[in-house]
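Residues in the sequence shown are numbered from 44 upward in steps of one, following this note's numbering.
We put the beta carbon where it would ideally sit given N, CA and C, even for glycine.
Working notes, beginning with the structure itself.
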Amino acid sequence: MDPYKHRPSSAFDSPFLTTNSGSPIWNYNSALTVGPRGPILLEDYHLVEKVAHFDRERIPERVVHARGASAKGFFEVTHDISHLTCADFLRAPGVQTPLIVRFSTVIHERASPETIRDPRGFAVKFYTREGNFDMVGNNFPIFFIRDGMKFPDLIHAFKPNPKSNIQEYWRVLDYFSHLPESLSTFTWLFDDVGIPQDYRHMEGFGVHTFTLINKAGRVRYVKFHWKPTCGVKCLSDEEAKRVGGDNHSHATQDLYDSIKAGNYPEWKLFIQTMDPEDEDKFDFDPLDVTKIWPEDIIPLQPVGRMVLNKTVDNFFAENEQLAFSPSVIVPGIYFSDDKMLQCRTFAYGDTQRHRLGPNYLLLPVNAPKCAHHNNHYDGFMNFMHRDEEVNYFPSRFDPVREAEKFPIPSNIITGKREKTVIEKEANFKQAGDRYRSWAPDRQERFVNRWIHHLSDPRVTHEIRGIWVSYWSQADKYLGQKLASRLNVRPSI
Numbered sequence: 044m045d046p047y048k049h050r051p052s053s054a055f056d057s058p059f060l061t062t063n064s065g066s067p068i069w070n071y072n073s074a075l076t077v078g079p080r081g082p083i084l085l086e087d088y089h090l091v092e093k094v095a096h097f098d099r100e101r102i103p104e105r106v107v108h109a110r111g112a113s114a115k116g117f118f119e120v121t122h123d124i125s126h127l128t129c130a131d132f133l134r135a136p137g138v139q140t141p142l143i144v145r146f147s148t149v150i151h152e153r154a155s156p157e158t159i160r161d162p163r164g165f166a167v168k169f170y171t172r173e174g175n176f177d178m179v180g181n182n183f184p185i186f187f188i189r190d191g192m193k194f195p196d197l198i199h200a201f202k203p204n205p206k207s208n209i210q211e212y213w214r215v216l217d218y219f220s221h222l223p224e225s226l227s228t229f230t231w232l233f234d235d236v237g238i239p240q241d242y243r244h245m246e247g248f249g250v251h252t253f254t255l256i257n258k259a260g261r262v263r264y265v266k267f268h269w270k271p272t273c274g275v276k277c278l279s280d281e282e283a284k285r286v287g288g289d290n291h292s293h294a295t296q297d298l299y300d301s302i303k304a305g306n307y308p309e310w311k312l313f314i315q316t317m318d319p320e321d322e323d324k325f326d327f328d329p330l331d332v333t334k335i336w337p338e339d340i341i342p343l344q345p346v347g348r349m350v351l352n353k354t355v356d357n358f359f360a361e362n363e364q365l366a367f368s369p370s371v372i373v374p375g376i377y378f379s380d381d382k383m384l385q386c387r388t389f390a391y392g393d394t395q396r397h398r399l400g401p402n403y404l405l406l407p408v409n410a411p412k413c414a415h416h417n418n419h420y421d422g423f424m425n426f427m428h429r430d431e432e433v434n435y436f437p438s439r440f441d442p443v444r445e446a447e448k449f450p451i452p453s454n455i456i457t458g459k460r461e462k463t464v465i466e467k468e469a470n471f472k473q474a475g476d477r478y479r480s481w482a483p484d485r486q487e488r489f490v491n492r493w494i495h496h497l498s499d500p501r502v503t504h505e506i507r508g509i510w511v512s513y514w515s516q517a518d519k520y521l522g523q524k525l526a527s528r529l530n531v532r533p534s535i
């Protein structure tokens, strides 16, 4: 028998039970004791192995996006954008690329209900011929902050109170009262879309500004948008309580049941593109992740479609161990100077190395499906069998070479070292525009959610006044409604 032709054992490889080392087990349910009623013997290797492994079944859950569900499928290019990017998987209409998607809530723990008012993660891993591409986004097109330095504090504010382990919105409102940049994202979180009906009826966004580069080296800024073909549907606050009380995994079950029934979820991928030379022509900073790009000025362009047609084979292997990072890109797609994106390119890989180990990209769900080669050796849980004698580069004993050069942005950056905010903050306009675009009943629901949270007895009069001031600057009549119902005046 050639041992290298066999995978690590699973319950289906042998007709009888064995230990992890392959020894047969003739009694799976009884511990080895001294006599039928005597003490257990430590020499019972199977007992020790079974219990010790059980004690270690749980790995550290994600700090954010702990609650999630995954599914597999494909992406198909439907429109030619080869003039914008040299990315191989986008090379021509008809090209299909296998992928896996993970949907998630953000703040709460792994077993939390899927009906919580919370942003939803929308992460896609494309297994391309040039390596993996991770599009790691949310169901909102923008984010609360524009600088990654604030991210730990943001999450701490949203997470449960460290003293009581209860999520309390007075903490959220206190923290964000210092950050008017968050206003636009609150017009999504406290809007009806703050609780999606399920994952199938949810939009997805790349959130950040990335860059596309074509073969000639021409650069375009880009934003990614996923639009569900079955439309966007949400739960009201009352529906969320009812659905969550009946089934706290309703969105996961809906995803799996739909795929098993052949009702495959599908999304269309659109992009917005911008010439970097035009970035100063707007009244906002296009690299500011708290801002959308208005679609009436920068229209959506169709690219392709994503179809999810297969459920995961094992939840732990293909959901808990599934790992994404915005730093995982392919030739033809690159980063921008978006401050939040720059921070995430480090943070996501770092958290996966902590959670799963330095060799997390060797796990089948995370590994590329194309040929790959590097000199990253050893480390915890390195299970790749390698027999090379040369583990350095370059070498005259190893023919491996560097890949052909591909273009990356070549703009010249100058400036002094400084910690500062961007010039065009524009914190209020887009929030007001979005509020005014709603029907009156939708506006009223938004106002009521704010009244509910601002009425918390631990929200001080000062904090209420600050929020009334912020919303007054976004929309005068919205501010007046809040001020009247809360009996406060703006304090800024």
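Under a three-way DSSP split, which group does Trp-310 fall into? In the sequence shown, residue 310 corresponds to position 267, counting from 1. Strand at Trp-310.
Of the choices Val-107, His-397, Arg-110, Tyr-170, whose alpha-carbon is the least far from that of Pro-407? On the sequence shown, position 364 is the one that residue 407 refers to. Ranking Val-107, His-397, Arg-110, Tyr-170 by Cα distance to Pro-407 puts Tyr-170 first.
Confirm, please, whether the CB-CB distance from His-122 to Thr-148 is below 9 Å. Numbered from 1 along the sequence shown, position 105 holds the residue referred to as residue 148. Numbered from 1 along the sequence shown, position 79 holds the residue referred to as residue 122. No.
Tell me the DSSP bridge mates of Asp-234? The residue you call residue 234 lines up with position 191 of the sequence shown. In the DSSP output, where bridge partners are listed per residue, Asp-234 has none listed.
With 16 as the cutoff for other CB atoms within 10 Å, does Ser-515 come out buried or exposed? Taking the first residue of the sequence shown as 1, we reach residue 515 at position 472. By the neighbour-count rule (16 or more Cβ atoms within 10 Å), Ser-515 is buried.
Measuring straight from C-alpha to C-alpha, what distance separates Phe-219 and Asp-196? Sequence index remark: in the sequence shown, residue 219 carries index 176 (1-based). Sequence index remark: in the sequence shown, residue 196 carries index 153 (1-based). Cα-Cα distance, rounded: 10 Å.
Helix, strand or coil, according to DSSP, for Lys-519 in the structure here? If you number the sequence shown from 1, residue 519 lands on position 476. If DSSP states are grouped into helix, strand and coil, Lys-519 belongs with the helices.
Just list the alpha helix (DSSP H) runs in the stretch 457-512, keeping only unbroken ones of 4 residues or longer that don't cross its boundaries, in chain order. 472-479, 483-497
How should His-199 be labelled, buried or exposed, when 16 other C-beta atoms within 10 angstroms of its C-beta is the threshold for buried? Locating residue 199 in the sequence shown gives position 156, counting from the first residue. His-199 is exposed by the Cβ-count criterion.
Does the ligand HEM have even one heavy atom less than 8 Å from the beta-carbon of Val-275? Annotation note on the ligand HEM: not contained in the displayed structure, which lists no ligands.
If we call anything under 9 Å between Cβ atoms a contact, is Phe-183 one with Val-236? The residue given as residue 183 occupies position 140 in the sequence shown. The residue given as residue 236 occupies position 193 in the sequence shown. The answer is yes: Cβ separation under 9 Å.
Taking the alpha-carbon positions, what's the Thr-333 to Phe-187 distance? Along the sequence shown, one-based indexing puts residue 333 at 290. Along the sequence shown, one-based indexing puts residue 187 at 144. So the alpha carbons of these two residues sit roughly 6 Å apart.
Check whether the stretch 129-145 touches the stretch 351-371, counting contact only when three or more Cβ pairs, one atom from each stretch, lie closer than 8 Å. yes
Name the DSSP bridge partner or partners of Thr-295? As a working note, residue 295 is residue 252 in the sequence shown. According to DSSP, Thr-295 bridges with nothing at all.
Identify the residues that DSSP records as bridge partners of Asn-181: which are they? Looking up residue 181 in the sequence shown gives position 138. Gly-164, Phe-248, per the DSSP bridge assignment.
Excluding the 5 residues preceding and the 5 following Glu-322 in the sequence, name in chain order all residues of the same chain whose CB lies nearer than 6 Å to its CB. On the sequence shown, position 279 is the one that residue 322 refers to. Closer than 6 Å at Cβ, skipping near neighbours: Pro-329.
Pro-345, enclosing beta strand (DSSP E) - first and last residue: Position 302 of the sequence shown, counting from 1, holds the residue named residue 345. Run containing Pro-345: 344-354, per the beta strand (DSSP E) assignment.
Are the Cβ atoms of Asn-402 and Asn-418 separated by less than 9 Å? For the purposes of this step, residue 402 is taken as the residue at position 359 of the sequence shown. For the purposes of this step, residue 418 is taken as the residue at position 375 of the sequence shown. Cβ distance not < 9 Å, so Asn-402 and Asn-418 don't count as in contact.
Pick helix, strand or coil for His-416, following the three-state DSSP scheme. Numbered from its first residue, the sequence shown carries residue 416 at position 373. Correct three-state label for His-416: coil.
Can you check whether the C-beta of Ser-279 is within less than 9 Å of a C-beta belonging to chain C? No chain C is present in this structure, which holds just one protein chain.
Could you work out which residue in Ile-159, Val-77, Pro-58 is closest to Trp-69 when comparing CA atoms only? Here residue 69 is taken as the residue at index 26 of the sequence shown, counted from 1. If we check each option's Cα against that of Trp-69, Pro-58 comes out closest.
Count Cβ pairs between the stretch 238-250 and the stretch 478-494 that sit closer than 8 Å; are there 3 or more? no
Kindly provide the ranges of any alpha helix (DSSP H) runs that are 4 or more residues long and lie completely inside the stretch 189-221, ordered along the chain. 194-201, 212-219
What three-state label does DSSP hand His-151 in the structure shown? For the purposes of this step, residue 151 is taken as residue 108 along the sequence shown, with counting starting at 1. The answer is coil: DSSP assigns His-151 none of H, G, I, E or B.
I believe Gly-347 touches Phe-165 by the beta-carbon criterion, under 8 Å. Please report the beta-carbon distance rounded to the nearest angstrom. On the sequence shown, position 304 is the one that residue 347 refers to. On the sequence shown, position 122 is the one that residue 165 refers to. Contact doesn't hold; Cβ gap of about 16 Å is too wide.
Which same chain residues end up closer than 7 Å to Tyr-520 when comparing Cβ atoms and leaving out the 5 residues on each side of it in sequence? Taking the first residue of the sequence shown as position 1, residue 520 is located at position 477. Contacts found: none.
Could you have a look at Trp-514 and say whether DSSP puts it in helix, strand or coil? Within the sequence shown, the letter at position 471 stands for residue 514. If DSSP states are grouped into helix, strand and coil, Trp-514 belongs with the helices.
Does the Cβ of Gly-260 have 16 or more other Cβ atoms within 10 Å, making it buried, or fewer, making it exposed? Sequence index remark: in the sequence shown, residue 260 carries index 217 (1-based). It counts as exposed.
Skipping 5 residues on each side, what residues in its chain have a beta carbon closer than 8 Å to that of Thr-463? Stepping through the sequence shown from its first residue, residue 463 is reached at position 420. Correct list: empty, nothing qualifies.
Let me confirm a value: Tyr-420 is counted as buried when at least 16 other C-beta atoms fall within 10 Å, else exposed. Which label applies? Working through the sequence shown from its first residue, we reach residue 420 at position 377. Its Cβ having fewer than 16 others within 10 Å, Tyr-420 is exposed.
Return the bridge partner residues of Phe-169 from the DSSP annotation. As a position in the sequence shown, residue 169 is number 126, starting the count at 1. Looking at the DSSP assignment, Phe-169 forms a beta bridge with Leu-142, Phe-176.
Less than 9 Å between the C-beta atoms of Glu-361 and Glu-104, yes or no? Position 318 of the sequence shown holds residue 361. Position 61 of the sequence shown holds residue 104. Cβ distance not < 9 Å, so Glu-361 and Glu-104 don't count as in contact.
Using the Cβ count rule (16 or more neighbours within 10 Å means buried), how would you classify Pro-67? In the sequence shown, the residue the question calls residue 67 occupies position 24. So Pro-67 ends up on the exposed side.
If distances are taken between C-alpha atoms only, which option among Ser-64, Cys-386, Arg-172 comes closest to His-89? Indexing the sequence shown from 1 puts residue 89 at position 46. The shortest C-alpha separation from His-89 is found at Ser-64.
Taking only three categories from DSSP, how would you classify Ile-335? Taking the first residue of the sequence shown as position 1, residue 335 is located at position 292. Coil at Ile-335, not helix or strand.
Looking at His-6: is its Cβ nearer than 9 Å to the Cβ of Thr-158? Outside the displayed range of the chain (44 to 535) lies residue 6, so it cannot be described from this structure.
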